[in-house]
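Take any residue in the sequence shown, note its place counting from 1, add 30, and you have its number in the numbering used here.
Below: the structure, in structure tokens.
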Amino acid sequence: MKVAIIGTGVMGRGWITQFAMFGHEVHCHDSNKKILDGVKPFVAKLASKAVKKFALEDPELPDRALAAIHTYEDRGAFVDAAKGCDVFLEVVFEDMNLKCNLLREIVPQLPENVYFWSNTSSLDIDVMAEASGRPARSIITHGMNPVPFMAGVEVVPGTKTSPETVGFARDVLLEMKKLPFLAPNIPGFWVNRLLVPQMLDAMRFLETGQITVEDGDVGLRTSLGHPQGTFKLADFISVPTMLRVALEMFQNTNDPRMYPPAILARMVKNGDHGTMTGKGFYDWSDPRNPKPRDFGAYVVKSADDLLDMLK
Ligand SMILES: NC(=O)c1ccc[n+]([C@@H]2O[C@H](COP(=O)([O-])OP(=O)(O)OC[C@H]3O[C@@H](n4cnc5c(N)ncnc54)[C@H](O)[C@@H]3O)[C@@H](O)[C@H]2O)c1
Numbered sequence: 031m032k033v034a035i036i037g038t039g040v041m042g043r044g045w046i047t048q049f050a051m052f053g054h055e056v057h058c059h060d061s062n063k064k065i066l067d068g069v070k071p072f073v074a075k076l077a078s079k080a081v082k083k084f085a086l087e088d089p090e091l092p093d094r095a096l097a098a099i100h101t102y103e104d105r106g107a108f109v110d111a112a113k114g115c116d117v118f119l120e121v122v123f124e125d126m127n128l129k130c131n132l133l134r135e136i137v138p139q140l141p142e143n144v145y146f147w148s149n150t151s152s153l154d155i156d157v158m159a160e161a162s163g164r165p166a167r168s169i170i171t172h173g174m175n176p177v178p179f180m181a182g183v184e185v186v187p188g189t190k191t192s193p194e195t196v197g198f199a200r201d202v203l204l205e206m207k208k209l210p211f212l213a214p215n216i217p218g219f220w221v222n223r224l225l226v227p228q229m230l231d232a233m234r235f236l237e238t239g240q241i242t243v244e245d246g247d248v249g250l251r252t253s254l255g256h257p258q259g260t261f262k263l264a265d266f267i268s269v270p271t272m273l274r275v276a277l278e279m280f281q282n283t284n285d286p287r288m289y290p291p292a293i294l295a296r297m298v299k300n301g302d303h304g305t306m307t308g309k310g311f312y313d314w315s316d317p318r319n320p321k322p323r324d325f326g327a328y329v330v331k332s333a334d335d336l337l338d339m340l341k
């Protein structure tokens, strides 16, 4: 199979690795050249990790995966390559307007048989499906980070998605050893509808000085069996993506628990983006041994602290 992927950030490159490891040809594009240039080194690392983790007796797998990947700086060249693909997968920022504008521009140029998949973590498939102009062949396949190591994929059909489109997505995912499950088309679907408000609550407790990063994560790991804890997870998701997802979910639900706490915007502004920038809720200078950071400077204790944020 051939797949066209737009957006090669945290999740795009996870999907690129996944498809390429399973012998699919991948054509990908990102508007940020630096991010696009990082794809192949990242895939080489992740595919080698997968060989070790799954004890695959296939030392050539990383090289084979790399050979299956084609990157395009030029949008036009990417769209031309996408014309010969079976699936067009969008993995750009969590921003409905951005996604719909890209879909309106690109998808109508592709042959009618090409499926449109979205990796959105919270947005309405029906709106994107209409923008793509092919609602019957549109579906959400929401992978988890890092894609090659997380089996679950949330599959969200829209009101006009055909049963054949659902079946095709399930078959492709199962063939790649993923575990697809159906989720409702509500903001955040199943996983993020439950997870995001909890993560935002944790950040509010941090911002009001009631919990530390370290105690918060130790508590969740040792008492609820979370593999990482909420703050470390946020660093992997990336702080800017948390901010975008929270805002979109608030706008689509009007639920005040979804409204992003100020700490998220302040961290984005300060470059504390998580693992990608080496600093988030943790200091990632030594990626094998991340250190929980002291958030004293982010705690809001007085009106002056709040006013300082506006400077
Ligand atoms: N980060 C996670 O853990 C996670 C998990 C599941 C789903 N998601 C979803 O996946 C999608 C992508 O998130 P991410 O975490 O990979 O974000 P990211 O910021 O790491 O990557 C998004 C990429 O989109 C690119 N992009 C933006 N506008 C573009 C355009 N016009 N043309 C081409 N490329 C463009 C950016 O340059 C960036 O590299 C979002 O919908 C997000 O909600 C994220």
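From the three backbone atoms N, C-alpha and C, an ideal C-beta is built for every residue, glycine too.
Predicted model only: the values in this text are computed from it and were never measured.
Asked                                                                                                                                                                             : Found
Tell me whether residue 11, by its Cβ, gets closer than 7 Å to a heavy atom of ligand 1.                                                                                          : The structure shown has nothing for residue 11, since the chain only spans 31 to 341.
Between the segment 91 to 105 and the segment 181 to 188, can you find at least three pairs of beta-carbon atoms closer than 8 Å?                                                 : no
When the Cα atoms are used, what is the spatial distance from residue 252 to residue 141?                                                                                         : 51 Å
Can you determine whether any heavy atom of ligand 1 sits closer than 7 Å to the C-beta of residue 67, and answer yes or no?                                                      : no
Cα separation between residue 278 and residue 87?                                                                                                                                 : 43 Å
What does the alpha-carbon distance come out to for the pair residue 305 and residue 113?                                                                                         : 35 Å
Write down every uninterrupted run of the beta strand (DSSP E) in the segment 142 to 187 whose length is 3 residues or greater and which is fully enclosed by it, in chain order. : 145 to 148, 168 to 173 and 182 to 187
Nearest-angstrom Cα distance between residue 210 and residue 36?                                                                                                                  : 22 Å
From residue 196 to residue 203, what distance separates their C-alpha atoms?                                                                                                     : 11 Å
Check whether the Cβ of residue 174 lies closer than 7 Å to any heavy atom of ligand 1, and answer yes or no.                                                                     : yes
Taking the alpha helix (DSSP H) that residue 76 belongs to, which residues open and close that run?                                                                               : 69 to 83
Just checking, does the segment 134 to 149 make contact with the segment 164 to 174 on the three C-beta pairs under 8 Å criterion?                                                : yes
When the Cα atoms are used, what is the spatial distance from residue 258 to residue 247?                                                                                         : 7 Å
If I follow the unbroken alpha helix (DSSP H) through residue 32, where does it start and stop?                                                                                   : Here residue 32 belongs to no alpha helix (DSSP H); instead the beta strand (DSSP E) covers 32 to 36.
For residue 124, is the beta carbon positioned less than 7 Å from some heavy atom of ligand 1?                                                                                    : yes
With a threshold of 6 Å on Cβ separation, who are the neighbours of residue 109 within its own chain once the five nearest residues in sequence on each side are excluded?        : 136 and 139
Sort 321, 81 and 281 by Cα distance to residue 265 and report the nearest one.                                                                                                    : 321
Whole angstroms is fine: what's the gap from residue 237's alpha carbon to residue 144's?                                                                                         : 46 Å
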